[in-house]
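This report concerns only the one structure given below.
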Amino acid sequence: MKRFSKPIHLPEIVTGPKRDSSLALINVVFLLLVFLLVAGSLRPPLPQEFEWAETTAEDEAAGAIQGSLALDRNGAVWDGTKLLEAVELSNRLTRLAGVGGSLTLQVDRRTSIRSLNAVADEARKAGLKKLTLITLEAADQ
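Each residue of the sequence shown is one higher than the last, beginning at 1 in the working numbering.
Right under this line is the structure:
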């Protein structure tokens, strides 16, 4: 007697397309681009109604804006959005001079030269050797 058996057909497992690792790379590059755009646009806050002083000097000596102070049109000195009193300013200048640092000052275009000289004199009395003024180059030059 012959036996005939039917073959057993197992369903084949259908696999999806192979995952491509380039998608993850594109995501990482995109996130890096977004991070650099955001990080590049960050800057320390300035007092309201602050207008940059303009200069036509060819000197490209740049100071670091981070950690700098701002001198407004009334002659008040600001650290970010915090107004520094005379004692606080003196203590900060003395601290900077103690570590051999320099003062970087962002200047409002409407600041009088007397106010600028007063801050420079305070820096000199504290023992600072370098004062960097941050201005913008005049547009019409």
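No residue lacks a Cβ here, since even glycine has one placed at the ideal position from N, Cα and C.
Among the options, which has the Cα closest to the Cα of residue i?
i: alanine 97; options: Ser22, Arg124, Gly75; result: Arg124
i: glutamate 122; options: Leu93, Leu42, Ser5; result: Leu93
Rounding to the nearest angstrom, what Cα-Cα distance links residue i and residue j in this structure?
i: threonine 132; j: leucine 103; result: 6 Å
i: valine 119; j: asparagine 91; result: 13 Å
i: alanine 126; j: valine 107; result: 20 Å
i: leucine 84; j: serine 112; result: 18 Å
i: glutamate 49; j: leucine 136; result: 16 Å
So, with DSSP's three-state summary, where would you put residue i?
i: leucine 116; result: helix
What do you get for residue i, buried or exposed, if any count of 16 or more other CB atoms within 10 angstroms of its CB means buried?
i: aspartate 20; result: exposed
i: alanine 70; result: buried
i: leucine 33; result: exposed
i: valine 77; result: buried
i: leucine 36; result: exposed
i: asparagine 68; result: It is serine, not asparagine, that sits at residue 68 in the sequence shown. The residue in question, serine 68, is buried, as its Cβ has 16 or more Cβ neighbours within 10 Å.
i: leucine 41; result: According to the sequence provided, residue 41 is serine. The question's leucine does not apply to it. With fewer than 16 other Cβ atoms within 10 Å, it is exposed.
(request) With a floor of 3 residues, list each beta strand (DSSP E) that falls wholly inside the stretch 59 to 109, ordered by position along the chain. (result) 69 to 71, 77 to 79, 82 to 84, 103 to 107
(request) Entirely within the stretch 7 to 49 and at least 3 residues each: give me those beta strand (DSSP E) ranges in chain order. (result) none
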